[in-house]
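Engineer:
2 protein chains.
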Amino acid sequence: MSIFTRAILEINLNNLLDNYNVLKDIAKDAVPAAVVKDDAYGLGAEAVVDLLYNRAEARYFFVAHAIEALPIAQKYKDAKIFVLQGIGEDSAEIFQNNPQLVPVIGSWDMLQYWKGIRKVGRKAAIQVETGLNRLGFRMNELDKLSSDDKDEFELVMSHLACGDEKDHFMNEHQLKNFENIKRKYFPKLTASLAASDGVFLGQSFQQNMVRLGAAMYGINTAPYRPNQMKNVVTVKAPVLQISDLAKGEFVGYSATYRAAGKRKIAIVSIGYGDGVPRSLSNVGKVFFKTAKGVEEARIIGRVSMDNIICDVTNVSQIAIGDWAILAGDFYTLDDMARDAGTISYEIMSRLGKNRRFERKYLE
Amino acid sequence: MSIFTRAILEINLNNLLDNYNVLKDIAKDAVPAAVVKDDAYGLGAEAVVDLLYNRAEARYFFVAHAIEALPIAQKYKDAKIFVLQGIGEDSAEIFQNNPQLVPVIGSWDMLQYWKGIRKVGRKAAIQVETGLNRLGFRMNELDKLSSDDKDEFELVMSHLACGDEKDHFMNEHQLKNFENIKRKYFPKLTASLAASDGVFLGQSFQQNMVRLGAAMYGINTAPYRPNQMKNVVTVKAPVLQISDLAKGEFVGYSATYRAAGKRKIAIVSIGYGDGVPRSLSNVGKVFFKTAKGVEEARIIGRVSMDNIICDVTNVSQIAIGDWAILAGDFYTLDDMARDAGTISYEIMSRLGKNRRFERKYLE
Chain D
88 MSIFTRAILE INLNNLLDNY NVLKDIAKDA VPAAVVKDDA YGLGAEAVVD
138 LLYNRAEARY FFVAHAIEAL PIAQKYKDAK IFVLQGIGED SAEIFQNNPQ
188 LVPVIGSWDM LQYWKGIRKV GRKAAIQVET GLNRLGFRMN ELDKLSSDDK
238 DEFELVMSHL ACGDEKDHFM NEHQLKNFEN IKRKYFPKLT ASLAASDGVF
288 LGQSFQQNMV RLGAAMYGIN TAPYRPNQMK NVVTVKAPVL QISDLAKGEF
338 VGYSATYRAA GKRKIAIVSI GYGDGVPRSL SNVGKVFFKT AKGVEEARII
388 GRVSMDNIIC DVTNVSQIAI GDWAILAGDF YTLDDMARDA GTISYEIMSR
438 LGKNRRFERK YLE
Chain U
88 MSIFTRAILE INLNNLLDNY NVLKDIAKDA VPAAVVKDDA YGLGAEAVVD
138 LLYNRAEARY FFVAHAIEAL PIAQKYKDAK IFVLQGIGED SAEIFQNNPQ
188 LVPVIGSWDM LQYWKGIRKV GRKAAIQVET GLNRLGFRMN ELDKLSSDDK
238 DEFELVMSHL ACGDEKDHFM NEHQLKNFEN IKRKYFPKLT ASLAASDGVF
288 LGQSFQQNMV RLGAAMYGIN TAPYRPNQMK NVVTVKAPVL QISDLAKGEF
338 VGYSATYRAA GKRKIAIVSI GYGDGVPRSL SNVGKVFFKT AKGVEEARII
388 GRVSMDNIIC DVTNVSQIAI GDWAILAGDF YTLDDMARDA GTISYEIMSR
438 LGKNRRFERK YLE
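Chains D and U, in that order, are what the protein sequence lines are.
Numbers given in our numbering equal positions in the first sequence, counted from 1, plus 87.
Numbers given in our numbering equal positions in the second sequence, counted from 1, plus 87.
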């Protein structure tokens, strides 16, 4: 008998690398840039950047915050890192000391601030609003730009609202807006419109630079067809205890599950403190690899901070120390997200922030 | 004009200390122990342990995993740390090298493992099952214990399923089970049944040791009456951009919000990557402190990884660089959790894992 207490997060770097290369091929006329914000969607920006820099010659990266760019800039002197949230008083010093960082300027006011603190010759990127109504210059702000202002920029970019819905009217609408803005204000700039989802919408969306994020991490950003990406994330947690429920017994906080008959349950050492969405209470699934193949068990009762409880009555073979698989290639984070009522991006970001997991990078 | 890009998590250690002391007073005949698992519910175990050890003479702590106990054991040699997930092959060495760690043994099998590796004289705690049906010895396992086995333990504990519902039948049911088990198997052991919620259920539930967690962090664990605890967590994020929406315009991913008329929106630099539940999309609220007092604005469209978008049409005064307050004393994490369809424990745990936030401890 083996007993384990800690969950394991496996990150398959080979698959991640393959995904990056496939996406690069699909957008072969565009420069690829790797999106590693939010600690590479939680999977570890350091490991992902090392991989892509050394094994795929990646030199362009996108992060959200300047503090996320700093370790990349310090390690790789010929990398260029675009910072999507731009610049403010709380990040000015990082930008001033690290010429590889490029702020993505999203508003007229931010541009004024940048011009006040940047050294001559430093370039920025400009985000323009085309329909998402998030960060980005609106038309009235673009009209105010002088030709000197326009010289501040090396890249013009925007972001799609509905790129994961192939036929959504917003895609063409945003593309048209983007083309108009480019033509009118930035005819010579490098242009970027597509993140992972936009890559699959064709060459017109790929423009000059594509920002490869979610799909690289294995998320299906083109859910209107089967996932072309390989799975990157596996989450598993050990069975700490197995016991029997009598008919009528309750399980978990607030007694939300009651056994309609005799059940066998497994207590698994992972919970929402580890990033398992609490919305999987009484809904989520785990899987066990047995002699019969992959067998499914249901999460019963509330997900708690450190544990979930699973109904393993119908699992043919189970013992303490067995591994409950919460996500893997046969039930991906996309599948888990569907059950949890959210998107895999959110779950990945949470799981990856875990410091109690044992984290294994497969290479 | 000021521009900021990073959100701020403020943790009021004075209030946390006050809460601990209030709880200690309520359970004045029991020994207090501080629950600092999951990095002190995300708020930073190091800061919380330092505070409670030095300013409240706390010497007993509970964590979930041995790796969480290690830094406490190394820093405070007279602290005793109970490890709720118990011991396994992946944590045995930590237990062997750190005599201050006490595994909470939850099953017969785990007891055998512990006996095989522990040095003579080391004591454990035993978790017994009284109705939660999570980790813990069941009756058939208790019956197998020899008197030598029983000598392995210094503490017997269990955990309430419905302690936050004052009149739930499970409370008396579990208390009765616990008393029976104590009487029959462990008449002389120190006993612990109550976590924060159980403390409010009266002396019979408080037993010899209370485990103070959620309430100490400001969560209302007695929601059948107004919160007696002080607020500990404030979350705020800067407005990065303000712009206008025309009638018919869409906002955010999947275009889930459409303006029924002209609106003014603020883009705020925080998202689910920072721990804001994505389930607050089109539902959540933020607040601005203006000359008129605290004014409310609604999150519109989807919460994205790095940003939320708020309808500030009716906020009397707003500028770039203003702080949108997502949680604070007038709208606590409990309130946010209600809007997000979950519990504040989950949100706190997520927010606290953020590494992009500026984290401020107020003392």
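Backbone N, C-alpha and C define an ideal beta-carbon position, used for all residues, glycine too.
Whose C-beta lies closer than 8 Å to the C-beta of Leu96 (chain U) among residues of the same chain, with five residues either side of it excluded?
Structural biologist: If you number the second sequence from 1, residue 96 (chain U) lands on position 9. So the list reads Val320, Thr321, Val322, Leu438, Gly439, Asn441, Phe444, Glu445, Arg446, Lys447, once near-sequence residues are dropped.
Engineer: Which word fits Ser178 (chain U), buried or exposed, when buried means at least 16 other C-beta atoms lie within 10 angstroms of its C-beta?
Structural biologist: By 1-based counting over the second sequence, the position of residue 178 (chain U) is 91. Counting Cβ neighbours within 10 Å, Ser178 (chain U) comes out buried, since at least 16 surround it.
Engineer: Do you know offhand how far Ala282 (chain D)'s Cα is from Arg298 (chain D)'s?
Structural biologist: The count along the first sequence starts at 1 and reaches residue 282 (chain D) at position 195. The count along the first sequence starts at 1 and reaches residue 298 (chain D) at position 211. Using only the alpha carbons, I get a separation of about 4 Å.
Engineer: Quick one, which of D:Tyr359, D:Val373, D:Thr277 has its alpha-carbon nearest Ile352 (chain D)'s?
Structural biologist: Working through the first sequence from its first residue, we reach residue 352 (chain D) at position 265. The residue with the shortest Cα to Cα distance from Ile352 (chain D) is D:Val373.
Engineer: So, at 8 Å on beta carbons, what are the nonlocal neighbours of Tyr107 (chain D) in its own chain, with the 5 sequence-adjacent residues on each side left out?
Structural biologist: In the first sequence, the residue the question calls residue 107 (chain D) occupies position 20. If we look at Tyr107 (chain D) and ignore the five residues flanking it on each side, its Cβ neighbours are Pro119, Ala121, Leu139, Ala143, Ala145, Leu299, Met303.
Engineer: Thinking C-beta only, is Asp426 (chain U) closer than 7 Å to Asn307 (chain U)?
Structural biologist: Counted from its first residue, the second sequence places residue 307 (chain U) at position 220. Counted from its first residue, the second sequence places residue 426 (chain U) at position 339. Contact flag unset, no.
Engineer: I want to verify the contact list: residues of chain U whose CB lies under 7 Å from the CB of Asp254 (chain D), in sequence order.
Structural biologist: As a working note, residue 254 (chain D) is residue 167 in the first sequence. Simply none; closest approach about 13 Å.
Engineer: How would you call Asn258 (chain D), buried or exposed, if buried means at least 16 neighbouring beta carbons within 10 angstroms?
Structural biologist: Against the first sequence, residue 258 (chain D) aligns to sequence position 171. Answer is buried; the Cβ neighbour count reaches 16.
Engineer: Leaving out the 5 sequence neighbours to the left and right, which residues in its chain are closer than 7 Å to Asp416 (chain U) when beta-carbon positions are compared?
Structural biologist: What you label residue 416 (chain U) is simply residue 329 of the second sequence in a count that begins at 1. Within the same chain, Asp416 (chain U) has close Cβ partners Asn318.
Engineer: Given that Glu56 (chain U) touches chain D, what residues does it touch there, using C-beta distances under 9 Å?
Structural biologist: No answer is possible for residue 56 (chain U): the residues shown for chain U start at 88 and end at 450.
Engineer: Using a beta-carbon distance below 7 Å, is Gln172 (chain U) in contact with chain D?
Structural biologist: Position 85 of the second sequence, counting from 1, holds the residue named residue 172 (chain U). With 7 Å as the cut-off, Gln172 (chain U) counts as an interface residue toward chain D.
Engineer: Contact defined as beta carbons within less than 8 Å: I believe Ala278 (chain U) pairs with Val243 (chain U). What is the distance between those atoms, to the nearest angstrom?
Structural biologist: Translated into positions along the second sequence, residue 278 (chain U) becomes position 191. Translated into positions along the second sequence, residue 243 (chain U) becomes position 156. About 5 Å separates the two Cβ atoms, so the contact holds.
Engineer: Does DSSP put Met392 (chain D) in a helix, in a strand, or in coil?
Structural biologist: The residue labelled residue 392 (chain D) in the question sits at position 305 within the first sequence. In the structure shown, Met392 (chain D) sits in coil (DSSP, three-state: anything other than H, G, I, E or B).
Engineer: Throw me the rounded Cβ distance for the Val399 (chain D) and Ser368 (chain D) pair, which I believe falls under 8 Å.
Structural biologist: As a first step, residue 399 (chain D) is located in the first sequence; it is residue number 312 there, counting from the start. As a first step, residue 368 (chain D) is located in the first sequence; it is residue number 281 there, counting from the start. So it is not a contact: roughly 17 Å between Cβ atoms.
Engineer: Answer with buried or exposed for Arg345 (chain D), where buried requires no fewer than 16 other C-beta atoms within 10 angstroms of its C-beta.
Structural biologist: The residue labelled residue 345 (chain D) in the question sits at position 258 within the first sequence. Flag for Arg345 (chain D) reads exposed.
Engineer: Taking the DSSP output, what are the residues bridged to Asn99 (chain D)?
Structural biologist: Your numbering for residue 99 (chain D) matches position 12 in the first sequence. Answer by DSSP bridge pairing, in chain order: D:Leu449.
Engineer: Ignoring anything shorter than 3 residues, give me the beta strand (DSSP E) runs that lie fully in the region 107-166 of chain D, in order along the chain.
Structural biologist: The region 107-166 of chain D contains these whole beta strand (DSSP E) runs: 118-122, 147-150.
Engineer: If we call anything under 7 Å between Cβ atoms a contact, is Asn99 (chain U) one with Leu449 (chain U)?
Structural biologist: Position 12 of the second sequence, counting from 1, holds the residue named residue 99 (chain U). Position 362 of the second sequence, counting from 1, holds the residue named residue 449 (chain U). Contact: yes.
Engineer: Within 7 Å (strictly less), CB to CB, does Ile485 (chain U) reach chain D?
Structural biologist: Given that chain U is displayed from residue 88 to residue 450, the structure contains no residue 485 (chain U) and the question cannot be resolved.
Engineer: Using Cβ-Cβ distances below 8 Å, what residues of the region 135-156 of chain U are close to chain D?
Structural biologist: Within the region 135-156 of chain U, the residues whose Cβ lies closer than 8 Å to some Cβ of chain D are Ala151, His152, Ala153, Ile154, Glu155, listed in chain order.
Engineer: My output table needs one value for Leu299 (chain U): the three-state DSSP class, helix, strand or coil.
Structural biologist: Taking the first residue of the second sequence as 1, we reach residue 299 (chain U) at position 212. Here Leu299 (chain U) sits in strand by DSSP.
Engineer: Would Lys440 (chain U) count as contacting chain D if we go by Cβ distances under 7 Å?
Structural biologist: Working through the second sequence from its first residue, we reach residue 440 (chain U) at position 353. For Lys440 (chain U), the answer is yes, since a Cβ of chain D falls inside 7 Å of its Cβ.
Engineer: What does a CB cutoff of less than 6 Å around Thr377 (chain U) pick up in its chain, not counting 5 residues either side in sequence?
Structural biologist: Residue 377 (chain U) sits at position 290 when you count from the first residue of the second sequence. Result list for Thr377 (chain U): Ser403, Gln404, in chain order.
Engineer: Candidates D:Ala309, D:Val355, D:Ala301: which alpha carbon is nearest Met435 (chain D)'s?
Structural biologist: Translated into the one-based positions of the first sequence, residue 435 (chain D) becomes position 348. Ranking the options by Cα distance to Met435 (chain D), first place goes to D:Ala301.
Engineer: Could you work out which residue in D:Tyr272, D:Lys253, D:Leu222 is closest to Asp235 (chain D) when comparing CA atoms only?
Structural biologist: Position 148 of the first sequence, counted from the first residue, corresponds to residue 235 (chain D). Residue D:Tyr272 is the option with its Cα nearest to Asp235 (chain D).
Engineer: Nearest to Gly285 (chain D) by alpha carbon, out of D:Lys237, D:Leu262, D:Gly305?
Structural biologist: The residue given as residue 285 (chain D) occupies position 198 in the first sequence. The option with the nearest alpha carbon to Gly285 (chain D) is D:Leu262.
Engineer: Kindly say whether Ile213 (chain U), judged by its beta-carbon, lies nearer than 7 Å to any beta-carbon of chain D.
Structural biologist: Within the second sequence, the letter at position 126 stands for residue 213 (chain U). False, the Cβ-Cβ gap to chain D never drops below 7 Å.
Engineer: Taking Val135 (chain D) and Val123 (chain D) to be in contact with their CB atoms under 8 Å, please state how far apart those CB atoms are, rounded to whole angstroms.
Structural biologist: In the first sequence, the residue the question calls residue 135 (chain D) occupies position 48. In the first sequence, the residue the question calls residue 123 (chain D) occupies position 36. 6 Å between Cβ atoms; contact.
Engineer: Spatial neighbours of Ala414 (chain D) within its chain, please: CB distance less than 7 Å, with the 5 preceding and 5 following residues excluded, ordered by chain position.
Structural biologist: To locate residue 414 (chain D), count along the first sequence from 1; it is residue 327. The answer, listed in chain order, is Val320, Thr321, Val322, Leu420, Met423.
Engineer: Give the secondary structure of Asp236 (chain U) by DSSP, where H, G and I count as helix, E and B as strand, and everything else as coil.
Structural biologist: Taking the second sequence and counting its residues from 1, one reaches residue 236 (chain U) at position 149. The answer is helix: DSSP assigns Asp236 (chain U) an H, G or I state.
Engineer: For Arg442 (chain D), which of helix, strand or coil comes out of DSSP?
Structural biologist: Within the first sequence, numbered from 1, the residue matching residue 442 (chain D) stands at position 355. Coil, per DSSP.
Engineer: If we cut at 7 Å on Cβ distances, does Ser178 (chain U) have a partner in chain D?
Structural biologist: Here residue 178 (chain U) corresponds to residue number 91 of the second sequence, with the count starting at 1. Taking Cβ atoms only, chain D reaches closer than 7 Å to Ser178 (chain U), which makes this a yes.
Engineer: Using DSSP with H/G/I as helix, E/B as strand and the rest coil, what is Glu259 (chain U)?
Structural biologist: Reading the second sequence from its first residue, position 172 is the one you call residue 259 (chain U). Three-state DSSP puts Glu259 (chain U) in a helix.
Engineer: Have a look at Thr429 (chain U) and Thr429 (chain D) and give me their C-alpha separation to the nearest angstrom.
Structural biologist: Indexing the second sequence from 1 puts residue 429 (chain U) at position 342. Indexing the first sequence from 1 puts residue 429 (chain D) at position 342. Approximately 13 Å, taken between the alpha carbons.
Engineer: Okay, do the region 219-234 of chain U and the region 332-349 of chain D touch, 3+ Cβ pairs below 8 Å being the bar?
Structural biologist: In short, these stretches touch, since the Cβ pair count reaches three.
Engineer: Alpha carbon to alpha carbon, how far is Trp410 (chain D) from Val191 (chain D)?
Structural biologist: What you label residue 410 (chain D) is simply residue 323 of the first sequence in a count that begins at 1. What you label residue 191 (chain D) is simply residue 104 of the first sequence in a count that begins at 1. Trp410 (chain D) and Val191 (chain D): Cα-Cα distance of roughly 44 Å.
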